[in-house]
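Novice: Numbering of the sequence shown is given in this note's numbering, commencing with residue 2 and proceeding in unit increments.
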Amino acid sequence: SACGWCKDRWGLSWQITPRALLEATTSQDQAAAKRAFEAMMGMKKIDIAAIEAARRGKSHA
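1) By the DSSP assignment, the alpha helix (DSSP H) with residue 31 in it spans what residues?
2) Only counting the same chain, and skipping five residues up and downstream in sequence, which positions put a Cβ closer than 7 Å to that of residue 19?
3) Determine the closest residue to residue 54 out of 10, 25, 7, 45, with distance taken between C-alpha atoms.
4) If you measure between the beta carbons of residue 22 and residue 41, is that distance less than 8 Å?
5) Measure the C-alpha to C-alpha separation of residue 6 and residue 27 and round it to an integer number of angstroms.
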């Protein structure tokens, strides 16, 4: 579901935070961090390649 939330077989909810997003948001490049965060927020299913492309300032097709 949105923002990396998933539910396991016992009904517990977990939030998944990809390493690529953590690395981007802790970067000194605030513009890259913003692009990566905005890319992640628009995802229903996490796409690491798209997060990394956004961080680099490129679109991911």
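For every residue, glycine included, the Cβ atom is placed at its ideal position computed from N, Cα and C.
Specialist: Inspection of the coordinates gives the following:
1) 31-42
2) 47, 49, 52
3) 25
4) yes
5) 21 Å
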